[in-house]
Amino acid sequence: MKKLLGDKNRKHFPLLAFIFILLSIPLAVYGLLNLDSFDIRNKAADTTTVYNQCKIAFPYVNPRSIEKGKVVQMQVDAITPDENIKSVSVMDRAGNIIFSKEYTTLPNTSISEIFTFTSQTTGDLNMLGTLTTDKETKPCVVEENRSVTVISTNLAPEFKTLPSAAKPSNVLKVKDSYEYLMRVEDKENDTINYAFSFTPNADWLKYSVIEDGGTGKLTIKFTGIPDKPASYLANIFVHDGYNKHLRSQSWVINVDQDKNDVPKVTVYEPSKDATVTQGGTIKVSWEGSDLNQIVKYELYLATNPANPNSWIAVNKNISHKVGSYIVDTTSFPSGTYQAVVRATDNYNPAATGVGVSAGKIVVKELVPVVPDPDEPDDGIILVDPQIINISPSKGSKLKNKNATVSATIIAGTRAEIDKGSIVFFIDDKDVTKDVKVNEISKSEYSLIYSTPEPYKEGTHKVNIRFKDSKGGTAQKDWTFEITAESTSDDTYNIFGFEIPKRTAMIVGGGILLLLLAILVPWVLYLLWRGSKDEEYETVYTNTYTPVKPSSTPEFEEEKEEVKEKPESKVDDDKKTETQSQSFTAPKPSANMDMWVPVVAPKDDLTVIKETQNDIVTTIPEDKEDVQTPPEEPILAEETVPTVVQPEEILTPTEKPLTTEETIPTVIQQEPEPEVVITPSSAVESPIVIQPNSTEPEIPQDTFVEEPSQSEENTGADDLMKLAEELSNAPDAEEETTQEKPQENTQTNNTSPAA
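The sequence shown runs 1 to 754 under full-length UniProt numbering.
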């Protein structure tokens, strides 16, 4: 049984292997073609023509981390040089219109619109816009295909370093080297916008941006070697676009001269942020030191300590003996300030030193102003001008050689942009005259530049700078890269024809499926059919054990089976009714001579021997009245040997032998003795009587072994003894001789003497 199971598993293995290979075809195609994804929708922007592009942007905040319930600003920009814009609309995933506007003034080939958006649910949002021109309708997509996601809370960026970590320190001498590595991080990875400034004459202090804040990390390194003694103030603002997420860091670098040092001033109050209403007071405390004598102090409140133009004087002549001052905020407009204290010594020329408070002073309006619910929560206005919302972002890689470059410029607090000071460079080439300037307000402009010629492959540099009405300046530099568009990766060249890869994949996949539909059924048929030459083993299901012979017999295969005993033909004059007659044989004497039955001469018998399908028969020559029953055809296809029915065995008794008429034409089975009747194709052989056997009856589905020659002879001897005992019944002997040809018996390898 284990062998059969093992053969079945081996047959199933090719089928399982074939199914595994079949299922591996998609993975193989994926690996060979090196596809990033089967979803090619994200490649839509690569094929969009710049002149037909309509972009939706969030100019101040990161669209992937919009805070729930906050009012943020959105901007839609479009340029269609050869078409007039008739209308534009933007809607959310539910089909609600966020912004819609129609244009009647012609010509109108470009637009730039600002509007607000608020979401009261969290999760991903789908933004879609449409731009209608006098020729067709175009889609508007979110800038750089970025998704819009609303989250529960958005946190402000935080400084990870302090100015006290500067090397060697914030107090040094002329020609000493200075270095400070500043790091800022945002938890939601929002873009960190920054603006920094130094006091005038701090040209020796340089900066280099290591991480520009585009991924939520800002790293700037400040280095330099001072050449003049002074107190230099540095200030930097950082934010992620939300009004309340503004953070700043200010510090003073004191550079002493060889003969005279610079006064050192430390403002230790307020040490933390403090809030006061207009007209209220706040205490500022400080401490100063110098190798020489400090003659006076000056106190200011400044929105940007590094920019002297933002300083508002509180008292410019405070005695050197005073170390604190009560500031009245009545005359100060609402806003956020820091206390600045400047000290002057008595050296000639005099040296000055500056100190800045660590805490901020927030001055609120005396009459609370009810905030407008539609007032944006983003769009921070700093003291210094700034450049934000740049596109493409720093370090981005594009395949579109006609990419649009854009940015938003904002003036400082209570200042306006000097439009004539705007300068726009691409690869160190001045393209200012080709820049489209959209005026959002007097303090905010949107700049859009579309290249007349495709960009070359490689890195390209953008430089923008401008000034505001208060003299503040802003400058921003960044780079982006144009990558090669490989046509060979998108098409196949077959006999000189360029076929798109997608089309080739579809056609090839269809052909492959067709071949599989033809081959798979055939392969399955071959696997399950098996070999034609396979030999099947016979499995015995019965519980009987076949008779084990003492010697190996010869088996002769029977090709036909007689269902019922053929009737023998006997002359009518010899038939006698003997059902009521009975005879009893006399007891044999011990000294009785054995009678030998009359047996036909050896020469009168013809023995026919056949192999496997032949049957040995004895034909008496003097029996002309015996008719041979018709022989049934032998079925060649039958390979299973015919089971030989057991013969009925007659046990000799002391009763006298019945007459010829008492022999029944049909042998009835007795409970114990059984006679095995084997059909003959010609003349039946004499009856062979075997002794009673105690062996159990052999079922029909088992093999019965042929008796050996010795067993046949033993049965003949018993018959001869019985015949001798019945020597006094000649009539019965004669009748028995006549009835023997009518019996259906079979004897194999019987000698003529028997």
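Each residue gets a CB set at the ideal place from its N, CA and C atoms; glycine is no exception.
Item                                                                                                            : Value
Minimum C-alpha distance to ILE282 - residue among PRO270, ASP290 and LYS264                                    : PRO270
As assigned by DSSP and simplified to three states, the class of TYR525                                         : helix
LEU168 classed as buried or exposed, judged by whether at least 16 other C-beta atoms fall within 10 angstroms  : Rather than Leu, the amino acid found at residue 168 in this sequence is Pro. Under this definition PRO168 is an exposed residue.
The segment 409-427 in contact with the segment 466-484 per 3-pair CB rule at 8 Å                               : yes
Delimiting residues of the beta strand (DSSP E) encompassing TYR178                                             : 178-185
Nearest candidate by alpha-carbon position, reference LEU299, set GLY288, ALA339 and LEU291                     : ALA339
Local Cβ density within 10 Å of ASP77, reported as buried at 16 or more and exposed below that                  : buried
Residues that DSSP places opposite PRO139 in a beta bridge                                                      : THR130
Where TRP251 falls, given that 16 or more other Cβ within 10 Å makes a residue buried                           : buried
Exposed unless 16 or more other CB atoms sit within 10 angstroms - verdict on THR199                            : buried
Backbone CA spacing between THR459 and GLU211 [nearest angstrom]                                                : 18 Å
Identified DSSP bridge partners for LYS221                                                                      : LEU181 and SER208
Distance, ASN243 Cα to ILE97 Cα                                                                                 : 26 Å
ILE464 classed as buried or exposed, judged by whether at least 16 other C-beta atoms fall within 10 angstroms  : buried
Local Cβ density within 10 Å of THR303, reported as buried at 16 or more and exposed below that                 : buried
Beta-carbon proximity of SER147 to ARG64, cut-off 8 Å                                                           : yes
Per DSSP, the bridge partner or partners of LEU125                                                              : VAL148
Residue(s) in a DSSP beta bridge with ALA274                                                                    : ILE361
Same chain, Cβ closer than 6 Å to THR330, neighbours up to 5 away in sequence not counted                       : GLY279
GLU113: first and last residue of the uninterrupted beta strand (DSSP E) it sits in                             : 110-117
Among GLY323, ALA358, GLN293 and ASN254, nearest to LYS272 - alpha-carbon criterion                             : ALA358
Simplified DSSP assignment, three categories, for THR432                                                        : helix
Other residues of its chain near VAL276: CB distance less than 8 Å, five sequence neighbours each side excluded : ILE282, THR329, ILE361, VAL362, VAL363 and LYS364
ALA474, DSSP secondary structure in three states                                                                : strand
GLU647 burial status per 10 Å Cβ neighbour count (16 or more: buried)                                           : Since pLDDT at GLU647 reaches only 48, below the 50 mark, its modelled position is unreliable, and no value is offered.
Cβ-Cβ distance between GLY241 and TYR60 below 8 Å                                                               : yes
Range covered by the beta strand (DSSP E) that runs through ALA343                                              : 335-345
Check whether LYS312 and PHE332 have beta carbons under 8 Å apart                                               : In the sequence under discussion, the amino acid at residue 312 is Ile, which differs from the Lys named in the question. Yes.
Cβ contact check for the segment 445-457 and the segment 397-409: 3 or more pairs under 8 Å                     : yes
Terminal residues of the beta strand (DSSP E) in which ILE79 lies                                               : 72-79
Alpha-carbon to alpha-carbon, LEU726 and MET720                                                                 : 10 Å
Whether ARG183 touches THR161 by CB criterion (8 Å)                                                             : yes
Spatially closest choice to PHE424 from ASN309, VAL437 and ILE253, by CA coordinates                            : VAL437
Same chain only: Cβ atoms within 7 Å of ASN84, ignoring 5 sequence neighbours per side                          : LEU106, PRO107, ASN108, THR109, THR133 and ASP134
Classification of ASN126 by the beta-carbon crowding that lies within 10 angstroms, buried from 16 upward       : exposed
Nearest-angstrom Cα separation, counted from GLU179 out to GLY69                                                : 42 Å
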